[in-house]
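The opening position of the sequence shown corresponds to residue 3 in our numbering, with each subsequent residue numbered one higher. Heads up, the thing below is written out as structure tokens.
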Amino acid sequence: MELDLQLTPRSRILLGILGGLLLILLAMQVGPAFYRLFVNRDTQAKREQLLRTQNLVQAAEVLKPIESEIYKETGLALAEDPQGFTNSQGAKTLFDTELPETVIRSRIDGLVRRAGIQQNYQLLTKPGTAKQTQKLTVQHRGNLVLYLYLKHIEAEGIELTEAAEQQAEEDTFNMLMDAWLSGTESEADAKASEKDDLMAGTESETKGTDPTDKAKPMPSMDAAAAWKFASLPEVIPAPVRIKLASFIKSMITQQLRGATDSRQDFFETQLHRVKTAATPGILGIGAKPATVEIQLQRKSVLLDILAQSGDFVDIGALQHALAKYIEEIQAQRARLLAQLALAPLTYQTEHYTVEMKFKTDLEKLVNLNHLIEMGAKWLTVRDLRISADKQTGARPVARGRNAEDGTHLNVDMLLIARIF
């Protein structure tokens, strides 16, 4: 028996319709997948770009107070007039509104004036041939955060010292007034004085509600002091906190300068962590998780400072508070370091060569060199050539006369200015 496998025209039409429907269904399923694939690539790239931008903004917020302190230390901070206003209110740094060559010339001119050298010097500034790219390592980032904390503890120590001095003056004044009043005042005078004090207190309270007092602007805070690092625990007496701030400042300074014997962080050397293993209990009943208790090292110098609080103070409570303070500072430093990790891994510095020619005496030349080393750390003396004028028949300089009238030194100085 033979089978007829030929399709009739009707069957062909039905198969064509069925195939078309299958193609439509396949396109409806696969098409959106391909569309999402290409769209997701574009969206993912935009998200990554947005994340990088947000990370840079976040890192810049952390670096603002650090940048301000670095410019102060290097001698490139914005100059202030006697009224306390900067020369460019809207500028963050000198280079926002002025060219580097202009900044270099103006700062060198200020150094020359402070050294007492005459202003008829020759100055030639040339930009470097290439920009130098330097890496911002993890250690550099950690030092930046540590430097910011150093400025914080320094400001806190100054504030505590000023408050203690003011309180001591008030106590001395009150003691003297009490001694004077007790010996000269009669009971009637005391009542009159008390009445006057009451009236004065009422008047001061009335003045205190003056809306014009509330409208007075608050004094501007330093950029580093405005950063919210934790303060030393108030449970510790103020004189002891002053000593702690001074000691911590000195140790952090040594750590930043690499003068400490140990490469370990100062705070880490002062802490001792007591770990308690977890207990499973009986069938889960009475189970306790693992714990870590932070204590001060027994040989820590911080304990010796706390011991100066007196016999009537709970030293254990002070130790616990100080250990918690150190733990909080370490956590804050870790958060800042994590934010700085989002910053670029490299940065560029611009170099300029500065050639100076002038005449002066030896004393003023030494003064200029000292000012450059101490107050202008962005400048480096690369070469210095000195020659004396050959003067015939020159009379000796009389005592008290300006040395500029005597023998001059011809000075050729080559400096390297690093702008960052």
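Beta carbons are placed, not taken as given, at the ideal position from N, Cα and C, and that holds for glycine. Keep in mind the model is a prediction, meaning the values are calculated, not measured.
- When only Cα atoms are considered, Arg14 and Leu27 end up about 20 Å apart.
- As DSSP reads the structure, Phe360 sits in a beta bridge with Val413.
- Among the bridge pairs identified by DSSP, Ser389 is matched with Asn412.
- The beta carbon of His322 sits closer than 7 Å to none of the beta carbons in its chain outside the five residues before and after it.
- Here the C-alpha atom of His410 lies approximately 6 Å from the C-alpha atom of Lys361.
- By the Cβ neighbour-count rule, Arg143 is buried, with 16 or more other Cβ atoms within 10 Å of its own.
- Residue pairing by DSSP places Glu352 opposite Ile421 in a beta bridge.
- With a 10 Å radius around the Cβ and a threshold of 16 neighbouring Cβ atoms, Ser70 comes out buried.
- Lys290 carries a strand assignment under DSSP once its states are collapsed to helix, strand and coil.
- Per DSSP, the unbroken beta strand (DSSP E) holding Thr127 starts and ends at 124–129.
- For Arg275, the enclosing beta strand (DSSP E) covers residues 273–278.
- The Cβ-Cβ distance between Val356 and Ile155 does not fall below 9 Å.
- If you look at Thr135, you'll find it in the beta strand (DSSP E) that goes 134–137.
- Residue environment: Glu167 is assigned as exposed (fewer than 16 neighbouring CB atoms within 10 Å of its CB, all protein chains considered).
- Cα atoms of Met177 and Gln169: separation of roughly 12 Å, rounded to the nearest angstrom.
- By the Cβ-count criterion, Pro67 is buried, with 16 or more other Cβ atoms from all chains shown falling within 10 Å of its own Cβ.
- The C-beta of Val237 has fewer than 16 other C-beta atoms within 10 Å across all chains shown, which makes the residue exposed.
- When the alpha-carbon of Ala292 is set against those of Glu270, Leu125, Met415, Val276, the nearest one is in Val276.
- Annotated as proximal: Phe422 and Thr351, with beta-carbon spacing under 9 Å.
- DSSP places Thr104 within a helical segment (H, G or I) once states are collapsed to three.
- Under the DSSP assignment, Ile317 falls in the alpha helix (DSSP H) whose first and last residues are 317–342.
- Assigned with DSSP and collapsed to three states, Leu234 falls in coil, not helix or strand.
- Using a Cβ-Cβ distance cut-off of 8 Å, the region 118–129 and the region 98–109 are in contact, since at least three pairs of beta carbons, one from each stretch, lie closer than that value.
- Residue pairing by DSSP places Gln297 opposite His274 in a beta bridge.
- The criterion of a C-beta distance shorter than 9 Å is not satisfied by Tyr354 and Gln136.
- Under DSSP, Thr382 shares a beta bridge with Ile418.
- Leaving aside the five residues that flank Val294 on each side, the residues in its chain whose CB is nearer than 8 Å to its CB run, in chain order, Arg275, Val276, Lys277, Thr278.
- DSSP places Thr163 in the helix class (H, G or I) of the three-state scheme.
- Residue environment: Ala29 is assigned as exposed (fewer than 16 neighbouring CB atoms within 10 Å of its CB, all protein chains considered).
- The C-beta of Arg243 has 16 or more other C-beta atoms within 10 Å across all chains shown, which makes the residue buried.
- The continuous alpha helix (DSSP H) containing Phe249 extends over residues 240–259.
- Here DSSP, grouped into helix, strand and coil, assigns Ile284 to strand.
- Counting along the chain, Leu305 sits inside the alpha helix (DSSP H) bounded by residues 303–308.
- With a 10 Å radius around the Cβ and a threshold of 16 neighbouring Cβ atoms, Leu304 comes out buried.
- For the pair of segments examined, the region 299–318 was found to touch the region 245–261: the number of CB pairs separated by less than 8 Å reaches three.
- In chain order, Gly77, Leu113 place their CB closer than 8 Å to the CB of Gly377, counting only its own chain and leaving out the 5 sequence neighbours on each side.
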